[in-house]
Amino acid sequence: MPSTSRSQNAAPPVGVPNDLDAFWVPFTPNRAFKRAPRLIARAKDMHYFTPDGRAVLDGVAGLWCTNAGHNRDPIVAAIQDQAAALDYAPAFQFAHPKSFELASRIAALTPGDLNRVFFCNSGSEAVDTALKIALAYHHVRGEASRTRLIGRERGYHGVGFGGISVGGIVANRRHFGTLLAGVDHLPATYSREHQAFTKGEPDWGAHLADDLERIVALHDASTVAAVIVEPMAGSTGVLPPPKGYLQKLRAICDRHGILLIFDEVITGFGRLGFAFAAERYGVAPDMITFAKGITSGAVPMGGVIARDGIYETFMRGPEHVVELFHGYTYSAHPLACAAGLATLDLYRDEKLFERAKKLEPYWADAAMALKGTPGVLDIRTVGLTAGIDLTSRPDAFGKRAYEAMERAFHDHGLMVRITGETLALSPPLIVSEPQIGEIFDKLTRVIKAVM
Ligand SMILES: Cc1ncc(COP(=O)(O)O)c(C=O)c1O
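What follows is the structure, encoded as structure tokens:
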């Protein structure tokens, strides 16, 4: 619809009221939100603060991203210093030193020969980048027929067309047309019947990886480029991988020359007690996508880590010609690189990944103590994450969890995340044992209040 309200040359307006109308809030029911907005003005360490100064304990690290805690002084200072020294350097044909430094530091955290880092600005961009690298990789090595991409039901890979195509969350797909062609999906790994109330990786479900053999047989391996999965599916409600499942996927991909991509946008940077889930599970994928925790949420950044062999496959042809026609204006933005370096220093100096690993049993026990609370159908934990499934209100799927999130924020000073009828938790890795107790005490009261 053409705008009729202002001439194209009008100066920016002054005195526009700061009401809630103009901002279309993402992944949020706007009308309900604007009736009772959950506003945040400030943050420090484990807490958010509302505009009127009320403290809210952060049970979700913002959006699974502030792993080092909020507004940490070294990260703030690094961003400030960088802004004063270099605001922007072109991402194509030029570079700044911190981009190389950060890539080397990330490569040092990954297993095996996952050593080549491509930067972008979000998890969604990271996923689309990895999928494009997979397609281009097969193309340049002479197997251009490998164009199929395999994702998984209940997978979340962001909101780009690539990500929603391989993703398996129906609501994220159904309004957006035909998506990418040539995509298939593995079955989800969750079964309440076989896995309810499991701490860590469930015993049941490794066999679900065998479905990849069926899919490959159906399409023929010569048409399949890559498989992408989250090692632990976060956004769909915390679904840890069954024991042995990822190893099986790796073996099947190897058998058929298919690239395996781990989407570690949530699991990267300590969430499961290791730098990457690949290390926790002893399975090295061909590419890892990351975002969120790389800057502890302070500046947008994402990226793909590829094995040496993938990078080297592109390094052919005349040296003055671009090898991969892909990139973003803000790839390796100076502010993001500065924030990333300061964040990695904090993770190292405060041993935050090890801290998450040590806290995992305490965290899991605290979460499982909710078992038996009326209305709690299942609890899953792995690393410093938990998914808690609630019973639905009749004919209103998701309403109880929504109400729980509202009450937690407004009445109990706790931030939780919801997906469907599941409450999801993933606190900053600096969380203390008393704060873990506080999170689950508050949550118990919230759940009782909405039943
Ligand atoms: C596994 C995974 N991939 C991709 C994304 C998308 O990241 P972003 O929202 O930064 O685009 C997310 C976001 O939660 C995620 O959990």
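Counting in my numbering, the sequence shown runs from 9 upward without gaps.
All residues carry an ideal CB built from backbone N, CA and C; glycine is no exception.
- Going by DSSP, Asn38 is part of the alpha helix (DSSP H) stretching over 38 to 43.
- Taking every residue with its beta carbon within less than 7 Å of a heavy atom belonging to ligand 1 gives, in chain order, Leu71, Trp72, Ser130, Gly131, Ser132, Glu133, Ala134, Val135, Tyr164, His165, Gly166, Val167, Gly171, Glu238, Gly242, Ser243, Asp271, Val273, Ile274, Thr297, Ala299, Lys300, Gly310.
- The beta-bridge partner set that DSSP reports for Met295 consists of Ile269, Ala314.
- Pairing Ile158 with Arg62, the inter-Cα distance amounts to about 45 Å.
- Selection Glu287, Asp66, Ser199 evaluated against Leu451 yields Asp66 as nearest (Cα-Cα).
- Between the segment 362 to 382 and the segment 215 to 228, the count of C-beta pairs closer than 8 Å stays below three; the two stretches do not touch.
- Across the structure, Pro82 and Val273 are spaced so that their CA atoms are roughly 23 Å apart.
- The C-beta separation of Phe127 from Ser339 comes to about 5 Å, placing the pair in contact by the 8 Å criterion.
- Residue pairing for Lys366: DSSP places it in no beta bridge.
- Rounded to whole angstroms, the gap between the alpha carbons of Lys106 and Leu122 is 20 Å.
- Of the residues assessed, Phe100 falls on the exposed side of the cut-off, its CB having fewer than 16 other CB atoms within 10 angstroms.
- Closest in alpha carbon position to Asp271, among Phe102, Leu247, Ile296, Phe284, is Ile296.
- Exposure of Val33 is indicated by the presence of fewer than 16 other C-beta atoms within 10 angstroms of its C-beta.
- Under DSSP, Met423 shares a beta bridge with Asp66.
- Under the three-state reduction of DSSP, Phe126 is assigned to strand.
- The beta carbon of Pro308 sits closer than 7 Å to the beta carbons of Asn129, Ser130, Ala344 from its chain, once the five residues preceding and following it are set aside; these are given in chain order.
- Rounded to the nearest angstrom, the Cβ distance from Ile236 to Ile269 is 4 Å, consistent with a contact under 8 Å.
- Going by beta carbons, Gly281 and Lys379 fall outside the 7 Å limit.
- One Cα belongs to Leu254, the other to Arg162, and the distance between them is close to 16 Å.
- For Val148, the uninterrupted alpha helix (DSSP H) segment begins and ends at 131 to 148.
- Beta-bridge pairing by DSSP links Val191 to Leu157.
- Nearest in C-alpha terms to Lys256, of all of Phe284, Glu238, Asp219, Gly77, is Asp219.
- One alpha carbon belongs to Phe322, the other to Leu398, and they sit about 49 Å apart.
- Burial is judged here by how many other beta carbons sit within 10 angstroms of a residue's own beta carbon; Tyr370 has fewer than 16 and is exposed.
- Residue state for Phe35 is assigned as coil, using DSSP reduced to three classes.
- Cβ contact annotation for Ala111 (same chain, cutoff 7 Å, sequence separation greater than five): Val125, in chain order.
- Contact between Thr430 and Gly245 holds: CB atoms are separated by about 4 Å, below the 8 Å threshold.
- Per the C-alpha coordinates, the member of Ala217, Glu287, Ala299 positioned closest to Ala259 is Ala217.
- Shown here for Glu441: same chain residues with a beta carbon closer than 7 Å to its own, the five before and five after excluded, namely Tyr370 in chain order.
- Per DSSP, Val458 is one residue of the alpha helix (DSSP H) stretching across 441 to 458.
- The Cβ atoms of Ala292 and Pro119 lie closer than 7 Å to each other.
- Contact annotation: Ala233 and Arg156 have beta-carbon atoms nearer than 7 Å.
- Looking at the DSSP output, Phe57 bridges to Arg50, Ala63.
- Contact between Ala299 and Ala142 does not hold, since the beta-carbon distance rounds to 18 Å and is not under 8 Å.
- Judged by their CB atoms, Trp72 and Ser434 are nearer to each other than the 7 Å cut-off.
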